[in-house]
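Here's the structure we're looking at; comments come further down.
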Amino acid sequence: MNAHAEILSSHEDKEDLYYAVHKGLRLANARMLIALGQLDPFNENALASTVRQLCDHIDMGMSHLTHENNEVHTVVDQRLPGAADHAGEDHDHHVEAFDELRLLASELVAAEHDRPLWLRRLYQRFALFVADDFQHMHEEETVIMPKIEACFSAAEITGIRERIVAGIAPEKMVLFSRAMLGAASRPERIDMVTGMKAGMPGDVFRGFMANVMGAPWSFGQWDELEAQLC
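Here it is, written out as structure tokens:
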């Protein structure tokens with residue numbers, strides 16, 4: 047073990063890079079699966095809305111994978127060669143799943159008489175993806191994150207998180223925030239929003255939260271936030 051990989055002091059207060067975003071992704075996965083299961087394939091408006099929702103969900107997943115690959119796996123492999131190999135392989139499988147889901151969604155929209163069949167295929171494939179994703183996220187949280195905590199300082203971990211956040215486009219950040227705030231407990235939710243407020247100019251914060259909520263929102267209206275997102 048080289049000097050950089052020495053076990054660092056355990057008393058440091060270190061961020062968990064995975065916990066909050068994974069809670070959000072689990073919630074988003076569950077809601078998307080339910081939406082597909084409840085969809086009437088012959089309701090054109092509902093079909094179009096649900097397919098758009100699925101495309102947004104896939105885009106959010108791709109964004110998450112890309113940032114993990116670029117900002118987490120890269121630095122982990124530099125300090126602990128091979129430590130993120132299996133997670134990287136899982137990411138490759140996720141990309142394949144996203145391609146298959148997009149194709150199935152296109153077939154569903156284009157179909158006429160066989161829509162129930164194509165919807166069932168899409169639903170079943172998405173369910174398999176969710177199962178794989180839940181297992182993958184558990185491994186990242188219980189295997190990779192402890193290695194990061196052991197071999198990276200609190201400042202280094204914070205730097206990783208800050209680089210990830212800086213690389214997320216505003217429209218993607220809205221999707222992530224809806225999922226993460228919706229999945230959080232009330233204390234976690236208040237901490238997240240308070241942190242956002244502290245890190246943004248007032249008008250930017252108000253505009254961002256209006257996009258997250260779909261309507262203007264004032265800081266401290268926690269019941270309204272939960273009613274909309276939870």
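Be aware that the sequence shown starts at 47, since it is given in the working numbering, and climbs by one per residue. In this text, a Cβ means the ideal position worked out from N, Cα and C, and glycines have one as well. Just so you know, these numbers come straight off a predicted model, no measurement behind them.
Identity of the residue in the options nearest residue i by Cα
i, options, result
"residue 245", "109, 208, 122", "208"
"residue 276", "215, 231, 251", "231"
"residue 80", "165, 189, 142, 118", "165"
"residue 218", "263, 104, 73", "104"
"residue 69", "234, 141, 150, 267", "234"
"residue 160", "255, 261, 248, 88", "88"
"residue 156", "59, 131, 94, 269", "94"
"residue 59", "77, 150, 227, 194", "194"
"residue 140", "274, 205, 107", "107"
"residue 66", "229, 83, 92", "229"
"residue 205", "118, 154, 215", "118"
"residue 101", "258, 247, 74, 162", "74"
Exposed unless 16 or more other CB atoms sit within 10 angstroms - verdict on residue i
i, result
"residue 184", "exposed"
"residue 121", "buried"
"residue 98", "exposed"
"residue 174", "exposed"
"residue 111", "buried"
"residue 55", "Only weak support exists for where residue 55 lies, its pLDDT of 45 falling under 50; the coordinates are left without a value."
"residue 225", "buried"
"residue 220", "buried"
"residue 268", "exposed"
"residue 109", "buried"
| query | Hey, which unbroken runs of the alpha helix (DSSP H) at 4 residues or more fall wholly within the stretch 58-101? | reply | 65-84
| Segments of 4+ residues assigned as alpha helix (DSSP H) that fall wholly inside the stretch 140-225 | 161-185, 191-197, 200-212
| request: Give a yes or no on contact between the stretch 199-207 and the stretch 137-153, applying the rule of three or more CB pairs nearer than 8 angstroms. | output: no
| Counting Cβ pairs closer than 8 angstroms, one from the stretch 171-190 and one from the stretch 123-137, do we hit at least three? | yes
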